[in-house]
Structure formats: structure tokens, C-alpha cells
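*Asks:* I have a structure I would like to understand better, so I am pasting it below and will then ask my questions one at a time.
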Amino acid sequence: MTILGTILAIILAIGFTVVIGPFGGLLLIAIIFGLVFSTHQRNKRIFDDLQRIKEKLGIEDKDEFNMKNEEIEKELEQELKQSQEASDLSDLNKENEKELEDFNGKNKGNEDKNSDR
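Each residue of the sequence shown is one higher than the one before, starting from 0 at the first, in numbering that gives the first Met the number 0.
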């Protein structure tokens with residue numbers, strides 16, 4: 000379709016040049032600009048649609064080899080923060096388990112006393 004439009008524009012431009020004279024060259028430039036701009040807009044829409052599809056599917060384009068130092072530092076800080084949160088959670092889990100064991104131990108002691116009566 001684009002090729003057909005380009006050929007038609009060239010034929011029209013040559014025809015306008017023959018009929019109109021020197022303004023035909025300006026008309027040719029205007030038509031070429033319009034075609035290039037139209038193609039650019041179409042490509043931009045296709046690119047935007049492709050990006051939305053990638054977002055919806057969860058596909059990411061990571062260019063990890065060309066990362067800036069700031070991006071690398073941010074990524075390392077995030078990983079460090081996640082590992083610290085994980086260790087904090089494991090410490091909290093250990094404390095909760097100890098409290099639960101202490102609570103269960105006290106309850107067993109109370110049950111033994113109640114069963115002796």
C-alpha cells in the first residue's frame with residue numbers, strides 16, 4: 000500500500016511539474032514530506048502498540064550490558080534491601096517460633112497439673 004502511494008505521488012508530482020511549472024517542484028517536496036511524515040506516524044503507532052503488548056505480556060527489554068553506574072547502584076541497593084528484609088523476617092520468625100514453643104510448654108505444664116487433680 001505504501002509503495003503504491005509512493006508511486007502515485009511521484010506520478011502526480013511529475014504531472015504537476017509539467018502542468019504548474021516551477022511550483023511543481025515545491026509541490027513534489029510537499030508531497031514527499033507528507034508521505035515521510037505519514038510513514039513516521041504509522042511506525043510510531045505500531046511501536047506504541049508493540050510496547051503496550053509487551054507490557055501486558057510482561058516482556059521486558061533489559062539492556063543489562065549498557066547500564067549506567069547509577070542504574071547499577073540502584074539495582075544493587077534494591078537487592079541489598081531485599082536480602083536485609085529477608086533476614087529480618089527470618090529473625091522475626093525465629094522469635095515467633097520461640098515464643099510459641101514457650102507458650103506451648105507452659106500450656107502443657109498447666110494441662111499436666113489439671114490432669115493430676
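We treat Cβ as the ideally placed atom computed from N, Cα and C, and that holds for glycine.
#1: According to DSSP, is Gly20 part of a helix, a strand, or is it coil?
#2: Measure the C-alpha to C-alpha separation of Phe46 and Leu26 and round it to an integer number of angstroms.
#3: Below 8 Å between beta carbons: does that hold for Gly14 and Leu34?
#4: Apart from the five residues on each side of it in sequence, which residues of its chain come closer than 7 Å, Cβ to Cβ, to Thr1?
*Replies:* In terms of the structure at hand:
#1: Three-state DSSP puts Gly20 in coil, outside helix and strand.
#2: Approximately 30 Å between the Cα atoms of the pair.
#3: Against a cut-off of 8 Å, the Cβ pair of Leu34 and Gly14 comes out as no contact.
#4: If the five residues before and after Thr1 are omitted, its C-beta is found closer than 7 Å to the C-beta atoms of Thr38, all from its own chain and listed in chain order.
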